[in-house]
Structures are given as structure tokens and as C-alpha cells.
Amino acid sequence: MNDATTRDGRAAGGPLRKWGELTRILAIRNLKIRYKGSALGFFWSLLTPAATILMYAVFARILKFGGGGGYLPFLVTGIVVWGFTAGTLNDSLHAIAGNSNLVKKVYFPRAILPLSTTLANAVNFLLTLVPLLLYLALAGHLRLGRAYWLVPAVALHFALALGISYLVSTLNVFFRDTQHAVGIGQLAWFFLTPVFYYPAMQVSAAPLPDAWRGLVYLNPMTGILAMYRRGLIGDELVPGPESLAAWGAPASAAPTAWWLAASAASVALVFLLGLFALRRGDRSFGDVL
Amino acid sequence: MDEDWAIDVSHVTKRFRLAGSARSLKTAVLDALRGRRGRVFAALDDVTFRVRRGETLGLIGANGAGKSTLLSIVAGTMRPTGGAARTRGTVSSLLELGAGFHPDLTGRENVMLYGAIMGIPRETMRARFDAIVEFAGLRDFIEEPVRFYSSGMYVRLGFAVAVQVDPDVLLVDEVLAVGDAEFQRKCLDKMDEFRRAGKSMVLISHDINTIRRVSDRIAHLSHGRLVGLGDADSVVQGYQAESMGALAAAAGAREWGTGEMRFTKVELVDPATGAAFPDRAVVAGDRAVVRLRWHADKRVERPVCGFSIARASDGAVLFGSNTQIAGREIPFAEGDGGLDLELDLSNLAAGDWALSFALHGADHEKNYHRLENRLLLRLTASRWFDGLARLPATWSEPAP
């Protein structure tokens with residue numbers, strides 16, 4: 001078989017350094033191409049979320065929705081965080097299929113393609129955090145007392161994005177239906193995630209027995225988003241009895257924070273699934289592309 | 001010697017699934033349910049060979065013989081269905097020159113990207129950058145997006161970067177067909193340099209002369225099988241025979257006529273040696289002689305012997321003549337007779353040509369014997385003109 005030992009006989013500094021360089025260049029390429037030819041370039045990564053925040057702020061004021069002052073920071077945090085997931089999901093469709101010329105031409109670990117796509121989106125995500133933090137600070141909603149929650153949030157979020165990227169980029173090589181399915185799936189996922197509604201609403205509306213309401217955290221984004229909001233705006237990690245009461249759910253329906261482990265477990269599952277798909281697909285990328 | 005290999009291809013088989021190759025989820029699911037797996041096409045069938053370190057192997061074969069598939073497997077971009085292909089050292093492939101370039105990135109960015117794909121450290125690539133630009137002759141354009149490059153510039157940069165990454169094994173697929181004469185010469189020089197440096201190469205080309213010039217050994221693939229492997233002369237002969245055979249089948253030799261008079265021999269002769277060529281001949285020189293012999297059971301008055309030469313690919317007749325036109329009347333034929341026809345081929349473009357012959361009456365009413373596409377000629381000598389044939393053309397100063 002084409003094992004790595006014979007392929008990189010002259011790997012200067014080992015495979016990590018060798019392929020790390022390729023990953024870096026491809027990620028930069030993805031970023032460069034995104035804004036190639038536009039005058040403002042990467043500033044769009046800052047402008048887009050800033051404009052989004054501004055628009056929500058203006059319309060929330062005009063239409064008087066969202067009730068208390070806490071809704072807008074809650075919403076835009078969700079939107080910016082969701083943006084990384086959605087962006088990676090969409091870009092990953094073409095991570096391998098769109099690089100067929102490279103894949104057919106030279107051998108290199110195919111995992112680099114979705115990895116660099118995810119990295120490019122992660123860099124973009126970090127940029128979008130700048131206007132978010134700025135807004136939260138200016139609006140007086142930034143609560144960094146429990147910022148340590150951002151560590152598992154970012155780690156899980158990146159692992160999830162990478163797993164999805166592996167999965168989606170591979171599937172789209174073999175089944176071109178993937179891109180259509182992803183469009184619908186993404187919308188469904190968005191509604192299943194408490195981006196624009198409160199987690200308490202989801203927990204109280206979930207058609208589950210009280211002891212099992214924590215199952216909503218099987219959606220990895222539910223848990224990840226909760227950690228981000230905990231770290232950034234000091235929201236409660238899981239909806240407590242008071243929050244639930246506002247939506248008519250009994251105190252017994254309050255899930256424990258341990259349910260967040262379900263989110264972490266599903267991240268691991270998605271990641272392994274993606275890794276498995278990529279390894280299976282790697283055998284015949286060259287035939288299909 | 002056995003240990004000193006750079007490429008080891010061992011019993012490599014590659015099968016592709018044809019119909020129902022799962023492009024949509026629906027068909028994939030339906031096929032799986034019906035237990036249908038699609039038709040299978042064997043692109044490579046049990047191919048085994050080794051390329052020694054420092055050796056250049058030429059790969060020849062008809063279109064669809066599996067040459068590119070084999071090269072992809074050696075490059076590692078495709079996996080064999082059975083068997084294994086191993087390489088030692090870094091492999092650089094010119095499967096499609098510049099194919100990996102991204103149109104929106106500049107020449108410089110693409111060069112660095114290619115280096116990274118080949119696993120070359122950044123500092124090394126930086127050091128080689130000037131040499132690459134120099135070789136490609138693109139100093140003024142290297143900061144432009146390659147979108148604005150002409151196809152020639154694209155290919156030049158592709159070749160330059162692929163050879164400058166300094167691989168141990170270089171795989172070249174039909175790249176010498178592109179680029180101008182000067183660039184081709186540069187490429188050939190580079191290949192020679194490679195050989196001298198003890199690197200291994202596998203190259204595909206339809207240009208047999210190039211293959212002969214560059215290769216130490218030649219491998220001949222036919223329908224996915226390795227049918228010849230060895231020194232240039234013996235293998236190329238087999239390949240020529242195969243490709244001319246395919247050509248003959250395509251050109252469609254046909255024979256008809258009333259039979260009062262018949263050709264008994266139509267033979268192509270090398271004018272230099274007097275030796276007969278086979279019916280399908282490769283002619284390197286400028287002259288050929290056709291020996292025509294016939295027989296008439298009963299006396300035939302004023303027969304005419306004619307010939308025509310047509311392009312083998314589409315049958316377009318380029319030239320035709322006969323004894324009547326040429327003013328060499330044959331008063332009668334009875335028993336055995338014949339003529340020799342000497343052809344000056346120097347005005348004919350290189351390529352494949354089919355010769356047809358006819359015996360007919362002076363009034364063109366009766367066709368005694370017609371042999372269509374009887375002989376196939378492959379002209380290999382290079383010509384210094386454009387098009388199919390040379391016409392007399394002279395230049396002069398305008399009249400004052």
C-alpha cells in the first residue's frame with residue numbers, strides 16, 4: 001500500500017511540519033479567495049457582524065420586540081456563534097470536490113482540505129468576535145467573570161466544525177445531493193438550536209418527561225452556545241427553575257449542568273463519524289472526482 | 001539492482017464501476033437495494049514492473065490503454081483495486097501542468113502553494129523561487145493572478161515549479177505536446193539534467209520520437225495489460241503494429257470489382273534497400289515505391305491503373321492519378337504484368353495516409369479490381385510547412 005513511510009522519504013522535520021505548512025497555506029488561500037477583488041478585503045469579516053448587530057438593534061427598537069434589554073446581547077451572541085457553524089458547513093461542501101484538480105494531481109493527506117477550510121472559518125470567526133465583544137462592552141452586557149467557559153466552548157465548537165467538515169466534504173464528493181440536503185438540514189438545525197429563543201423555552205416546550213428534558217443537549221450546538229453565553233454575557237449555564245417558570249414549566253423540569261456532557265459526547269460522535277467517512281472516502285476520491 | 005528501485009509496481013489492477021456510478025443518493029440507495037453494482041471496467045490488469053533509480057521509463061499505448069491511470073496510481077492520487085505501487089523518495093507529478101493552480105492567486109502564491117503540497121519547507125521554496133520564475137520566463141507576471149495568464153504561461157509555470165521542487169521521482173503525462181519549440185527544448189534539457197542527476201522518471205507521450213530519445217526502457221500498455229517492456233526498438237515496433245492495426249480497422253480496407261483483371265501483388269518497397277515493407281508501414285524517408293503486379297486471364301484492351309492517397313483519419317482524398325492521366329498508356333494486359341509506382345512523399349505532411357489502387361477500363365465504365373485503403377503509411381519525417389501538403393509557392397518583391 002501507499003504507506004506514508006515511503007511517500008515522505010525526505011520529509012524535512014517530520015510530517016507535522018511538512019503538512020502543517022500546507023494546511024497553513026491552504027487556510028490562508030481560503031481566506032484570501034473569500035475577499036479577493038473586494039476593496040475592503042477582510043474588513044468585511046468585521047463589518048458584516050457589526051452591521052448585523054446594528055440592524056437587529058434598530059429593528060428591535062422600532063418593532064419593540066424582545067422585551068427586556070437582555071434579549072439583544074443574547075441574540076447577537078447566538079448569531080455570531082452560529083455563524084461559525086453555518087459558515088464551515090457551507091464551505092465544506094466544496095472543500096474536496098472544489099479542489100479536484102489538487103486531489104487528482106498529487107498525493108497529500110486529504111484531511112488537510114476540510115481542516116484548512118475549518119481553520120479559515122475559525123479565523124474569520126475570531127474576527128467576527130471583535131465587533132461582538134465591542135458591542136457587548138459598549139452596551140454594558142459583557143460579563144467575563146466566568147470567561148473560562150469559553151475554553152470548552154471554543155474547543156468543542158472547533159471539534160464539531162471539523163467533524164462536520166470531514167463528513168460533509170466527503171459526502172459531497174460521492175453524492176451531489178449533499179449540497180441540497182445541507183441547505184435544509186442547516187435550517188432545521190438552526191431552529192433546533194436556541195439561537196433566537198431562550199433555552200428555557202426549548203426545555204419547557206420539549207415533549208419529554210421532566211427527568212429527560214436535558215436530552216435537548218444532544219444537539220451539540222445547544223450546549224456549546226450555552227457555554228459561550230455563560231462565558232460572554234453571564235447567562236445561566238442551564239435554565240434554572242425560575243427561568244422555566246416564566247414559560248410554564250415545573251421546577252422539576254430543570255436539567256442539571258451535567259447534561260452538557262451530552263453535547264460534548266455528540267461532538268465526539270460527529271467528529272468520529274466525520275473521520276470515519278473521510279477515511280472510507282479517501283480510497284476512491286481519485287476515481288470519482 | 002533488484003534493491004535499487006525507485007518505483008515498484010506489483011500486480012496492480014484497477015477496476016472502475018461504469019453505469020450507475022453513484023452520483024446521486026437516490027441511485028446509490030436503489031442500486032444497493034437491488035444488489036446492482038454497475039458494470040465494471042478493468043483499466044489496468046495485473047501490471048508489474050520496476051523502475052530503477054536513475055532510469056527513465058517511457059509509457060506508450062493507445063488512448064484508453066490505462067497509461068494515465070497507471071501514472072495516477074504511482075503518484076498516489078488513485079488507489080489500485082488490487083496489487084500495490086510503491087515509490088521511494090519524493091514524487092512530483094506533471095499529470096496536468098498547472099492544474100493545481102488557483103486562478104485567483106498570483107503566480108507567486110501558486111508556486112508557494114505547490115511547494116507546500118509537495119511538502120517542501122517554505123524556506124527551501126523561497127530559495128528556489130527565483131530559479132522557478134527564471135525557468136518559466138515569467139518575471140514580469142509573477143505577481144499577477146494566474147487567471148490572466150495565457151495557456152502557454154500557465155504550462156510554463158507548471159513545469160518550472162514541478163521540476164524545481166527537485167523530486168526523486170518525476171511523473172510526466174503528455175506535457176511535451178504543449179508549449180512552443182523553445183520551451184519543449186528547455187523541457188527536454190531539463191529531463192536530461194534529471195537523468196544525469198540520477199533521478200527516475202516515468203513519462204507518457206504520443207510522440208514516439210521524444211519517447212525514444214528520452215527513455216532507457218519503454219513499457220507498452222494495451223487494454224490495461226503490459227504487453228511489452230524493454231529497449232526502445234523492440235517495444236516501439238509492437239506499438240506501431242498495434243496502432244497501425246487499429247488504424248487499418250478504422251480506415252476500412254475494401255476490395256471489389258468485376259475481376260477480368262486482378263492485382264496479384266501490391267507491395268511497398270523501401271527504395272534504398274529494395275526490401276518490402278509490410279502493408280502498414282512507417283516511412284521515415286521521403287520516397288517510397290509501390291510494386292504493382294496484375295494478372296488477366298483473357299486479353300483486356302487499354303486498361304488503366306490508378307491510385308489515390310487519402311488521409312487515414314477521415315478518408316479525405318489528397319491526390320489521385322492514373323496511367324491515363326500520366327500519359328503512360330497500357331495498350332493491353334494478358335497474363336501477368338505490372339508497373340512500379342514511385343512516390344515522392346516530401347510534399348506530404350507527417351501523419352497517417354491510406355493508399356488505394358484501381359484497375360479499370362479506359363472509359364471508366366468498368367471497374368476490374370479496386371483495392372481501397374490497401375496500404376497504410378505513417379510518415380514520421382518532420383516537415384517544414386503547415387497543413388497537409390506542400391504547394392509550390394514563391395515570394396517576390398512587388399513590381400516597382
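In order, the protein sequences belong to chains Z and Y.
Position 98, counted from 1, in the first sequence is what my numbering calls 98; the numbers after and before it change by one each time, with no gaps.
Position 269, counted from 1, in the second sequence is what my numbering calls 269; the numbers after and before it change by one each time, with no gaps.
Built from N, CA and C at the ideal position, the CB exists for glycine as well.
State the start and end residues of the unbroken alpha helix (DSSP H) segment that holds residue i.
{"i": "D130(Y)", "result": "122-136"}
{"i": "A160(Y)", "result": "151-164"}
{"i": "R279(Z)", "result": "260-282"}
{"i": "V91(Y)", "result": "Element bounds for V91(Y): not the alpha helix (DSSP H) but the beta strand (DSSP E), 91-94."}
{"i": "F194(Y)", "result": "181-196"}
{"i": "E242(Z)", "result": "241-246"}
{"i": "D287(Z)", "result": "285-288"}
{"i": "M227(Z)", "result": "220-233"}
{"i": "G306(Y)", "result": "No alpha helix (DSSP H) holds G306(Y); the beta strand (DSSP E) holding it covers 304-311."}
Considering only residues of the same chain and omitting the five flanking positions on each side of residue i, which have a CB-CB separation below 6 Å?
{"i": "A27(Z)", "result": "S116, L119, A120"}
{"i": "I53(Z)", "result": "V76, Y135"}
{"i": "G185(Z)", "result": "none"}
{"i": "S308(Y)", "result": "V317, G320, S356"}
{"i": "W427(Y)", "result": "Beyond the ends of chain Y as shown, which are 1 and 400, falls residue 427(Y); an answer cannot be given."}
{"i": "D4(Y)", "result": "R52, R53"}
{"i": "N99(Z)", "result": "L113"}
{"i": "T178(Z)", "result": "L171, N172"}
{"i": "M78(Y)", "result": "S72"}
Tell me which residue opens and which closes the beta strand (DSSP E) that residue i is part of.
{"i": "D363(Y)", "result": "Taken as a continuous stretch (DSSP letters only), D363(Y) belongs to no beta strand (DSSP E), as it is neither H nor E."}
{"i": "N322(Y)", "result": "317-322"}
{"i": "A153(Z)", "result": "Counting along the chain, A153(Z) falls outside any beta strand (DSSP E), though it belongs to the alpha helix (DSSP H) covering 150-174."}
{"i": "F125(Z)", "result": "F125(Z) -> not in any beta strand (DSSP E); alpha helix (DSSP H) instead, spanning 112-138."}
{"i": "A84(Y)", "result": "82-87"}
{"i": "E342(Y)", "result": "332-344"}
{"i": "I7(Y)", "result": "5-17"}
{"i": "H220(Y)", "result": "217-222"}
{"i": "T56(Y)", "result": "56-60"}
Among the residues of its own chain, which have a CB less than 8 Å from the CB of residue i, if the five just before and after it don't count?
{"i": "K104(Z)", "result": "G286, L289"}
{"i": "L105(Y)", "result": "L113, P145, V146"}
{"i": "V12(Y)", "result": "L44, D46, V47, T48, L70, I73, P80, G82, G83, A84, A85"}
{"i": "G238(Y)", "result": "H220, V227, G228"}
{"i": "S382(Y)", "result": "A350"}
{"i": "R327(Y)", "result": "Strictly speaking, residue 327(Y) in this sequence is Gly, with Arg absent from that position. Taken in chain order, the list of residues that qualify is empty."}
At least one CB of chain Y closer than 8 Å to the CB of residue i: is that the case?
{"i": "V151(Z)", "result": "no"}
{"i": "L136(Z)", "result": "no"}
{"i": "D210(Z)", "result": "no"}
{"i": "K64(Z)", "result": "no"}
{"i": "I25(Z)", "result": "yes"}
{"i": "G286(Z)", "result": "yes"}
{"i": "V106(Z)", "result": "yes"}
{"i": "L102(Z)", "result": "yes"}
{"i": "I184(Z)", "result": "no"}
{"i": "L93(Z)", "result": "no"}
{"i": "I33(Z)", "result": "yes"}
{"i": "L22(Z)", "result": "yes"}
{"i": "R29(Z)", "result": "yes"}
{"i": "R283(Z)", "result": "yes"}
Determine, using beta carbons only, whether residue i comes closer than 8 Å to chain Z.
{"i": "A22(Y)", "result": "Unreliable placement is indicated for A22(Y), whose pLDDT of 48 sits below 50; the coordinate value is still reported in the next sentence. With 8 Å as the cut-off, A22(Y) counts as an interface residue toward chain Z."}
{"i": "S10(Y)", "result": "no"}
{"i": "H369(Y)", "result": "no"}
{"i": "T264(Y)", "result": "no"}
{"i": "G351(Y)", "result": "no"}
{"i": "H364(Y)", "result": "no"}
{"i": "G76(Y)", "result": "yes"}
{"i": "G100(Y)", "result": "yes"}
{"i": "A72(Y)", "result": "It is Ser, not Ala, that sits at residue 72(Y) in the sequence shown. S72(Y) counts as touching chain Z."}
Give every residue of the same chain whose Cβ lies closer than 7 Å to the Cβ of residue i, excluding the five residues on either side of it in the sequence, and list them in chain order.
{"i": "R146(Z)", "result": "R230, G231, G234"}
{"i": "G252(Y)", "result": "N373"}
{"i": "I325(Y)", "result": "none"}
{"i": "A206(Z)", "result": "R213, V216"}
Is any non-hydrogen atom of the ligand FAD found closer than 7 Å to the C-beta of residue i, if you look at the structure I gave you?
{"i": "I309(Y)", "result": "For the structure depicted, the ligand FAD is absent and the ligand set is empty, with no information on it obtainable."}
For this session: Examine the Cβ distances between the region 214-222 of chain Z and the region 260-271 of chain Z and report whether three or more of them are shorter than 8 Å.
Result: yes
For this session: Run through the region 225-289 of chain Y for me and flag every whole alpha helix (DSSP H) of 4 or more residues, listed as ranges in chain order.
Result: 232-251
Exercise. Quick one: any contact between the region 344-361 of chain Y and the region 389-396 of chain Y, if contact means 3 or more CB pairs under 8 Å?
Worked result: yes
For this session: With a floor of 4 residues, list each alpha helix (DSSP H) that falls wholly inside the region 8-78 of chain Z, ordered by position along the chain.
Result: 14-34, 43-63
Exercise. At a cut of 8 Å, does the region 125-144 of chain Z reach the region 196-216 of chain Z through at least three beta carbon pairs?
Worked result: no
Exercise. How about the region 269-284 of chain Z and the region 159-176 of chain Z: do they share at least three Cβ pairs that are nearer than 8 Å?
Worked result: yes
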